[in-house]
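The next block holds one structure in the form of structure tokens; read it before the comments.
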Amino acid sequence: MSKDVLVVVEHEDGKARRASLEALALARRMAEHLGGRVCAAVLGQGVEAVANEVAGRGADEVFLLEHELLATYTPDAYRLPLVELVKDGGFEWVLAGNTYQAQDFLPLVAIAFGAPVVSDVVDVELGDQVVFHRGVFNGKLVAKTVDEGPAPRFASLQSGAFPADELPEGHGGTVTRKDVALSPEQVRRKVLEVLSAGDQAVDLTAAEIIVSGGRGLGDKETFESLVGGLARVLGAAVGASRPVVDNEWLPHEHQVGSSGQTVQPKLYVALAISGAIQHVIGMRGSQVVVAVNRDKDAPIFNEATYGIVGDVKEVVPALIQAIEEAKAQ
Amino acid sequence: MKILVAIKQVPDPDARLVLDESRTGIVETDLQWEVNESDRYALETALRIREGQGSGEVVVCSVGPERARKAITSGLAMGCDRGVHLVAPEYQGGDPLAIARALVAVAKKEEADLVLTGTRSDDLGWAETPLLVAGLLDWPAVFLTIGVELQDGALKVTRELEGGRKEVSEVPRPAVLAIQSGIYPVRYTSLKGIMAAKRKPVDQPTPAELGLSGDEIGRPGSRLKILEMAPPEKKGQCEFIEGDPAEAAKKLVEKLRLEAKVL
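Each protein sequence line maps, in turn, to chains A and B. Quick note, the first sequence lines up with residues 23 to 351 if you use this note's numbering. Quick note, the second sequence lines up with residues 1408 to 1670 if you use this note's numbering.
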């Protein structure tokens, strides 16, 4: 049985995505531990440059799967050749970044082998068993998880969990072109169009200070008075986590996170935001983070520079007053 | 058209959680439970499709112990027609593949034309069960659905992409759609709906009745095992500011001005 680890590489604008390079970084650690090789699969059309990039960044063998039906991503066009590749390759593990795209196809590849996916992995222990750590209950707990089934096994990795900085440059991996047989009727999802985000009416990416609120504010009125009130005295932009937008307290343009904007202000104030990873991805680059939350175990405090454990309804009015007093001095 | 909506009951996202003795789960007593957030949007989407058609049936299904009956009742109160509760002990404690096998058996028995689910549960958060269901049924699936329009024998589906982009595609039926939170505003449950829910049937099929053997479902049917749960390691960089709100606020503003120099 082969001990090789396969990384499914996603790409954008002719370059491997960061999430895929992070998967490559973990694949190198796992392959070394298992005594196997690091392999990668690049699917697309006209993506040889991506394959070469990945062969240089530490993959020993890159499988290049090109076909005109792979020019646009669809789960069927990805799934069918990947299942063939995994069958032939006999890989021990198949890894991918836990991107929206991987969530849309990786379980379909896994199920062809009767396997589920160890999804959204944040850490790994390499011993007799491969033990993955996953955030559960919205990051309040970490579950050490194993897949007791036979190879191939599948895992997807949380963005940012495995730094890609230490990948080599100029690694001399080989690129192997694989024939891909796909016919249009096998591709059940027909992509009609991809809509860009367009010009954001609210651009949070340039804001120096952002005050964001979350579900814990309870209702639209409280959100407006507390988040809006603090933002006014700070001269800050207003942001929000996903549930706020889903509940229509604020339009989508204010959303910070994986499906909203990625921001890097000098100061980010998170009010009653629990700190789900989907939100944290969008604000991790902030210089200073203040979090106010009732739950001292809320994951947002892991991202915070300063934290206050308490009820936003008491803390925020006090903060507004303290800022006004400081200004008056 | 018959739509099967698979939902999960999860602890209130703001609840304080306590690990149980085995350290592989949480203490369930004294917890508030609710229907998982994105699953509520799946229920809303199913009801809108049925209302748009003017006919059809929406069946709400959940795998879970006795307490999960309340989640099914919430779905019925919103307007679903019937419930299926996989309550037998053999179904419980399964990994996403074991759960998917049970849901597939229900979809087949019900002869569903469409299976809707949420995207990710606020407990174990595997975010893969709908795709495993699709794979086992050999139906197409869309993850992170933010728009659905019914067409002749097909669906026009909008899928969320990263950074606010969207993909619009055509998908043949039958299909599995994992619905993303926020797709449509979720309706409030009326008193009339709550009363009507009490009279709606809820089946509790045994594994044998669904043609499932014990080694396909629950713990025996699972290959993913949780060895241990623990609180995440604190990065330890957060400085907690103590005191009553007025004191804490004052100290914080001072630190932001003099220490962090961001005000």
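Using N, Cα and C, we set each Cβ at its ideal position, and we do this for glycine too. From a predicted model like this one, the values you see are computed outputs, not experimental measurements.
Short CB-CB distance (under 8 Å) between residue i and chain A
{"i": "residue 1659 of chain B", "result": "yes"}
{"i": "residue 1575 of chain B", "result": "yes"}
{"i": "residue 1551 of chain B", "result": "yes"}
{"i": "residue 1652 of chain B", "result": "yes"}
{"i": "residue 1669 of chain B", "result": "yes"}
{"i": "residue 1438 of chain B", "result": "no"}
{"i": "residue 1636 of chain B", "result": "yes"}
{"i": "residue 1481 of chain B", "result": "no"}
{"i": "residue 1570 of chain B", "result": "yes"}
{"i": "residue 1522 of chain B", "result": "no"}
{"i": "residue 1589 of chain B", "result": "yes"}
{"i": "residue 1532 of chain B", "result": "yes"}
{"i": "residue 1535 of chain B", "result": "yes"}
{"i": "residue 1420 of chain B", "result": "yes"}
{"i": "residue 1529 of chain B", "result": "yes"}
{"i": "residue 1487 of chain B", "result": "no"}
{"i": "residue 1427 of chain B", "result": "no"}
Three-way DSSP call (helix, strand, coil) for residue i in this model
{"i": "residue 1646 of chain B", "result": "strand"}
{"i": "residue 1588 of chain B", "result": "coil"}
{"i": "residue 264 of chain A", "result": "helix"}
{"i": "residue 380 of chain A", "result": "Only positions 23 to 351 of chain A appear in this structure, which leaves residue 380 of chain A out of reach."}
{"i": "residue 37 of chain A", "result": "strand"}
{"i": "residue 328 of chain A", "result": "strand"}
{"i": "residue 1630 of chain B", "result": "coil"}
{"i": "residue 1408 of chain B", "result": "coil"}
{"i": "residue 1653 of chain B", "result": "helix"}
{"i": "residue 234 of chain A", "result": "strand"}
{"i": "residue 309 of chain A", "result": "coil"}
{"i": "residue 1580 of chain B", "result": "coil"}
{"i": "residue 244 of chain A", "result": "helix"}
{"i": "residue 1611 of chain B", "result": "coil"}
Residue-chain proximity (residue i, chain B), Cβ-Cβ < 8 Å
{"i": "residue 184 of chain A", "result": "no"}
{"i": "residue 103 of chain A", "result": "no"}
{"i": "residue 67 of chain A", "result": "no"}
{"i": "residue 150 of chain A", "result": "no"}
{"i": "residue 296 of chain A", "result": "yes"}
{"i": "residue 158 of chain A", "result": "yes"}
{"i": "residue 234 of chain A", "result": "no"}
{"i": "residue 286 of chain A", "result": "no"}
Boundaries of the alpha helix (DSSP H) in which residue i is found, first to last residue
{"i": "residue 1528 of chain B", "result": "Unbroken run through residue 1528 of chain B: none, as it is neither H nor E."}
{"i": "residue 200 of chain A", "result": "Premise fails: residue 200 of chain A lies in the beta strand (DSSP E), 196 to 200, not in any alpha helix (DSSP H)."}
{"i": "residue 1598 of chain B", "result": "1598 to 1604"}
{"i": "residue 126 of chain A", "result": "122 to 133"}
{"i": "residue 1480 of chain B", "result": "1476 to 1485"}
{"i": "residue 1445 of chain B", "result": "1444 to 1460"}
8 Å Cβ cutoff met for residue i and residue j
{"i": "residue 1551 of chain B", "j": "residue 1585 of chain B", "result": "yes"}
{"i": "residue 256 of chain A", "j": "residue 345 of chain A", "result": "yes"}
{"i": "residue 108 of chain A", "j": "residue 131 of chain A", "result": "yes"}
{"i": "residue 25 of chain A", "j": "residue 75 of chain A", "result": "no"}
{"i": "residue 1467 of chain B", "j": "residue 1506 of chain B", "result": "no"}
{"i": "residue 70 of chain A", "j": "residue 202 of chain A", "result": "no"}
{"i": "residue 328 of chain A", "j": "residue 1648 of chain B", "result": "yes"}
{"i": "residue 81 of chain A", "j": "residue 104 of chain A", "result": "no"}
{"i": "residue 1621 of chain B", "j": "residue 1497 of chain B", "result": "yes"}
{"i": "residue 245 of chain A", "j": "residue 252 of chain A", "result": "no"}
{"i": "residue 1652 of chain B", "j": "residue 332 of chain A", "result": "yes"}
{"i": "residue 1451 of chain B", "j": "residue 1566 of chain B", "result": "no"}
{"i": "residue 148 of chain A", "j": "residue 79 of chain A", "result": "no"}
{"i": "residue 309 of chain A", "j": "residue 1669 of chain B", "result": "yes"}
{"i": "residue 41 of chain A", "j": "residue 27 of chain A", "result": "no"}
{"i": "residue 1602 of chain B", "j": "residue 1431 of chain B", "result": "no"}
{"i": "residue 118 of chain A", "j": "residue 102 of chain A", "result": "no"}
{"i": "residue 144 of chain A", "j": "residue 157 of chain A", "result": "yes"}
{"i": "residue 1470 of chain B", "j": "residue 1509 of chain B", "result": "yes"}
{"i": "residue 264 of chain A", "j": "residue 279 of chain A", "result": "yes"}
{"i": "residue 1490 of chain B", "j": "residue 1482 of chain B", "result": "yes"}
Start and end residues, beta strand (DSSP E) containing residue i
{"i": "residue 107 of chain A", "result": "That residue, residue 107 of chain A, is in no beta strand (DSSP E); its alpha helix (DSSP H) goes 97 to 111."}
{"i": "residue 1492 of chain B", "result": "1489 to 1493"}
{"i": "residue 155 of chain A", "result": "152 to 158"}
{"i": "residue 1561 of chain B", "result": "1561 to 1567"}
{"i": "residue 1558 of chain B", "result": "1548 to 1558"}
Neighbour flag for residue i against chain E, beta carbons, 8 Å
{"i": "residue 162 of chain A", "result": "Absent from the structure: chain E. Protein chains present are A and B."}
>> To be precise: take each residue of the stretch 256 to 274 of chain A, compare its Cβ to all Cβ atoms of chain B, and keep it if any distance is under 9 Å. Which residues remain?
In response: 256, 264, 265, 267, 268, 269, 270, 274
>> Against chain B, which members of the stretch 166 to 182 of chain A pass a CB distance test of less than 8 Å?
In response: 166, 167, 168, 169, 170, 171
> Going along the stretch 118 to 133 of chain A in order, which residues come within less than 9 Å of chain B, judged by CB to CB distance?
Replying inline: 120, 121, 122, 123, 125, 126, 127, 128, 129, 130, 131, 132, 133
> Along the stretch 30 to 49 of chain A, what residues have a CB closer than 8 Å to any CB found in chain B?
Replying inline: none
> Name the residues in the stretch 201 to 232 of chain A whose C-beta lies less than 9 Å from a C-beta of chain B; which are they?
Replying inline: 210, 211, 212, 213, 214, 215, 216, 217, 218, 219, 220, 222, 230, 231
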